[in-house]
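*Asks:* Residue numbers are given in the numbering used here: position 95 of the sequence shown equals residue 481, and the series is strictly consecutive.
Think of the CB as a built atom: it goes at the ideal place given N, C-alpha and C, for glycine as much as any other residue.
The structure is given below, and queries will be raised subsequently.
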Amino acid sequence: MNPVLGRRQLMLGGIAGTAAVGLGLSACSDGAGSGGEGGEVTHMQFFLSGDANQGGGYAHMAAKYQEETGIEVEIVDVANEDLTTKLKNAALANDLPALARVGSIDATWKDVTMDLRDILDTNDVKSELAAIDPDGKVLSLPSDITAVGMFLNKTLFDAAGATYPAVGEEPWTWDEFTETIRSVQAATGASYGMVMDRSAHRLKAFLYEFGSNTFELVDGAFETNENTKPALEYFYGLNDDSFMPRSVWLSDGDPNGLFKSGDVVAYCSGSWQIADFAVNIADFEWVSVYMPKQPVRVTNYGNAASIVVFEGTGQEQAALDFVNWLYTPENYTELSETSGFLPAVNGITVTYADNAEAFELYNEEIEASDEVAARLKTQDLEGEIEGRTIEGDPLRDETVKYLNDEQDVDTTIANIIELLNASL
387 MNPVLGRRQL MLGGIAGTAA VGLGLSACSD GAGSGGEGGE VTHMQFFLSG DANQGGGYAH
447 MAAKYQEETG IEVEIVDVAN EDLTTKLKNA ALANDLPALA RVGSIDATWK DVTMDLRDIL
507 DTNDVKSELA AIDPDGKVLS LPSDITAVGM FLNKTLFDAA GATYPAVGEE PWTWDEFTET
567 IRSVQAATGA SYGMVMDRSA HRLKAFLYEF GSNTFELVDG AFETNENTKP ALEYFYGLND
627 DSFMPRSVWL SDGDPNGLFK SGDVVAYCSG SWQIADFAVN IADFEWVSVY MPKQPVRVTN
687 YGNAASIVVF EGTGQEQAAL DFVNWLYTPE NYTELSETSG FLPAVNGITV TYADNAEAFE
747 LYNEEIEASD EVAARLKTQD LEGEIEGRTI EGDPLRDETV KYLNDEQDVD TTIANIIELL
807 NASL
């Protein structure tokens, strides 16, 4: 029996041997010319989401690869909400594509991925953002990076005669930031000083900046440090319906829409907003600025998505060759410039056609970040590989209860730890 099918049978709780043979190794292919047994690979499928929204970078690189090698890499752009289900169903039907760009590692197919260790090491890909199992197998490579960041309404700042740290200057503290934002708010009559996405990803950045390790798995149990409580108390104080609107965190108000209205001074969100703001904000000037520190300089960053190559397709080596080609410095730089990516490869310089200063600021923030962000991201990836799951989002959900005065801060921290430990 094919060893890939054997692993899949165990994983799925047993598939009849005759049925498994009947499925064959189709791998979304259309004949031997696409990599059938004994055939030369001339066509592969690459499943992903959102390539058109990101400048068509993968389609551009696939066309370049076909011109250089004659091998067609068909970009199959699947709606983000459907991609997980599509890949699960393809795994169950033994009909996986050659490769995919995924949001996370899934238990349905994690055991039928190729080891990408050689590509990671050869091209100096950021290893802290790769999914690596306990045996050292590299299941996935980060496709690009997203990072939490701060945006300002520059028009309001200019009207108030206020300043902010420029690139290359010392970042401000949260105390300095809030004092400045309140002064701009008062001088301009803006309704709110700041909005922040209702997201644990954004809140983690805030906690890191106060010296918290958020909630870290240590010796088989989750714990936090003494800096988490004062950070949460500080955040509680900001959500006062004056500096920050309570509607965003307590009732799912739209922070993006509020900032775009021009009536909010600052917005804590992330690098993915740059393309949106460049197109959809015309009534005022906006600018990306440093995240505050208190006292730790750090942004919460991670892989926007990950590249995986699947076993059992008959196209494994061809797919590995393409991915290795894609991650070489010259080609990965071209991909990043086309799509507006923050690069997941070390040592390359990306020249951005639009909003270059904003992208460069994010790249600087990532390079300057305290190691806590990378350490905790590695922990998250290990959890994906182990298949740890939990309902809801304990950090966000319990913090919402605290902001709504349903429980005190000590209870909030205790509940988060209890819920995280339950996932073990």
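Counting only runs that start and end within the region 431 to 495, where is the alpha helix (DSSP H) found for 4 or more residues in a row?
*Replies:* Runs found: 443 to 455, 466 to 478.
*Asks:* Tell me the rounded alpha-carbon separation between Glu-555 and Asn-611.
*Replies:* Counting from one through the sequence shown, the residue named residue 555 turns up at place 169. Counting from one through the sequence shown, the residue named residue 611 turns up at place 225. Approximately 30 Å, taken between the alpha carbons.
*Asks:* How is Tyr-718 classed by DSSP in three states: helix, strand or coil?
*Replies:* For the purposes of this step, residue 718 is taken as the residue at position 332 of the sequence shown. Tyr-718: helix per DSSP, three-state reduction.
*Asks:* Considering Cα atoms alone, identify which of Lys-646, Ser-529, Leu-478, Gln-452 is closest to Gln-431.
*Replies:* The count along the sequence shown starts at 1 and reaches residue 431 at position 45. Of the candidates Lys-646, Ser-529, Leu-478, Gln-452, the one whose C-alpha sits nearest the C-alpha of Gln-431 is Gln-452.
*Asks:* Where in the region 564 to 646 do unbroken runs of the beta strand (DSSP E), each at least 3 residues long, occur, reported from the N-terminal end onward?
*Replies:* List check, beta strand (DSSP E) in window: 578 to 582, 602 to 604, 607 to 609.
*Asks:* Please report the distance separating the alpha-carbon of Asn-599 from that of Ala-607.
*Replies:* For this step, residue 599 is matched to residue 213 along the sequence shown. For this step, residue 607 is matched to residue 221 along the sequence shown. If I take the Cα positions, the gap works out to 14 Å.
*Asks:* Nearest CA to the CA of Ser-755: which residue from Ile-457, Tyr-687, Glu-619, Glu-454?
*Replies:* Sequence index remark: in the sequence shown, residue 755 carries index 369 (1-based). Minimum Cα distance to Ser-755 is reached at Tyr-687.
*Asks:* Express the C-alpha separation of Pro-557 and Gly-733 in angstroms, rounding to a whole number.
*Replies:* Taking the sequence shown and counting its residues from 1, the one referred to as residue 733 is at position 347. Taking the sequence shown and counting its residues from 1, the one referred to as residue 557 is at position 171. Those two C-alpha atoms are separated by around 24 Å.
*Asks:* With 16 other CB atoms within 10 Å as the buried threshold, where does Asp-794 fall?
*Replies:* Here residue 794 refers to the residue found at position 408 when the sequence shown is read from its first residue. Answer is exposed; the Cβ neighbour count stays below 16.
*Asks:* Determine contact between the region 762 to 777 and the region 560 to 569, defined as no fewer than three beta-carbon pairs at a distance below 8 Å.
*Replies:* Flag = no, the region 762 to 777 and the region 560 to 569 do not touch.
*Asks:* Taking all protein chains shown into account, decide if Gly-547 is buried (16 or more other Cβ within 10 angstroms of its Cβ) or exposed.
*Replies:* Residue mapping note: residue 547 aligns to position 161 of the sequence shown, counting from 1. By the neighbour-count rule (16 or more Cβ atoms within 10 Å), Gly-547 is not buried but exposed.
*Asks:* When the Cα atoms are used, what is the spatial distance from Glu-757 to Thr-685?
*Replies:* Position 371 of the sequence shown holds residue 757. Position 299 of the sequence shown holds residue 685. Roughly 10 Å between the two C-alpha positions.
*Asks:* Sorted by chain position, which residues of the same chain lie with C-beta nearer than 7 Å to Phe-543's C-beta, five sequence neighbours on each side aside?
*Replies:* One-based indexing of the sequence shown puts residue 543 at position 157. Excluding sequence neighbours, Phe-543 sits near Tyr-550, Val-570.
*Asks:* Taking Cβ positions, are Phe-537 and Phe-645 nearer each other than 8 Å?
*Replies:* Taking the first residue of the sequence shown as 1, we reach residue 537 at position 151. Taking the first residue of the sequence shown as 1, we reach residue 645 at position 259. Yes, these two residues count as a Cβ contact at 8 Å.
*Asks:* Please return the same chain residues whose Cβ sits closer than 6 Å to the Cβ of Ile-518, not counting the five positions on each side in sequence.
*Replies:* Counted from its first residue, the sequence shown places residue 518 at position 132. Cβ neighbours of Ile-518 beyond the five flanking positions: Val-524.
*Asks:* Comparing alpha-carbon positions, which option in Lys-512, Thr-775, Thr-574, Phe-433 lies nearest Leu-485?
*Replies:* As a working note, residue 485 is residue 99 in the sequence shown. The shortest C-alpha separation from Leu-485 is found at Phe-433.
*Asks:* Give me the Cα-Cα distance between Met-767 and Asn-666, rounded to the nearest whole angstrom.
*Replies:* For this step, residue 767 is matched to residue 381 along the sequence shown. For this step, residue 666 is matched to residue 280 along the sequence shown. It should be noted that the sequence gives Leu, not Met, for residue 767. Those two C-alpha atoms are separated by around 34 Å.
*Asks:* Quick one: grab the DSSP three-state call for Asn-816.
*Replies:* Only positions 387 to 810 of the chain appear in this structure, which leaves residue 816 out of reach.
*Asks:* By Cβ distance below 6 Å, which residues in the same chain neighbour Pro-641 in space, the five residues on each side in sequence not counted?
*Replies:* For this step, residue 641 is matched to residue 255 along the sequence shown. Once the five neighbours on either side are set aside, the close Cβ partners of Pro-641 are Val-581, Asp-583, Val-634.
*Asks:* Measure the alpha-carbon distance for Leu-810 versus Trp-672 and round it to whole angstroms.
*Replies:* For the purposes of this step, residue 810 is identified with residue 424 of the sequence shown, where counting begins at 1. For the purposes of this step, residue 672 is identified with residue 286 of the sequence shown, where counting begins at 1. Using only the alpha carbons, I get a separation of about 43 Å.
*Asks:* Identify, in the order they occur along the chain, each residue of the same chain with its Cβ nearer than 7 Å to the Cβ of Trp-711, setting aside the five sequence neighbours on each side.
*Replies:* Translated into positions along the sequence shown, residue 711 becomes position 325. Tyr-451, Asn-717, listed in sequence order.
*Asks:* To the nearest angstrom, how far is the alpha carbon of Asp-481 from that of Gln-703?
*Replies:* The residue you call residue 481 lines up with position 95 of the sequence shown. The residue you call residue 703 lines up with position 317 of the sequence shown. Using only the alpha carbons, I get a separation of about 17 Å.
*Asks:* Span of the alpha helix (DSSP H) holding Phe-708?
*Replies:* Along the sequence shown, one-based indexing puts residue 708 at 322. Element bounds for Phe-708: 702 to 713.
*Asks:* Any idea if Asn-339 is buried or exposed, counting beta-carbon neighbours within 10 angstroms, 16 or more meaning buried?
*Replies:* A query on residue 339 cannot be resolved here, the shown segment of the chain reaching from 387 to 810 and no further.
*Asks:* Going along the chain, which residues of its own chain have a beta-carbon closer than 6 Å to the beta-carbon of Thr-494, five neighbours each way excluded?
*Replies:* For this step, residue 494 is matched to residue 108 along the sequence shown. The residues are Lys-474, Ala-477.
*Asks:* So, are the CB atoms of Ala-533 and Glu-751 less than 8 Å apart?
*Replies:* Taking the sequence shown and counting its residues from 1, one reaches residue 533 at position 147. Taking the sequence shown and counting its residues from 1, one reaches residue 751 at position 365. A contact, by the Cβ cut-off of 8 Å.
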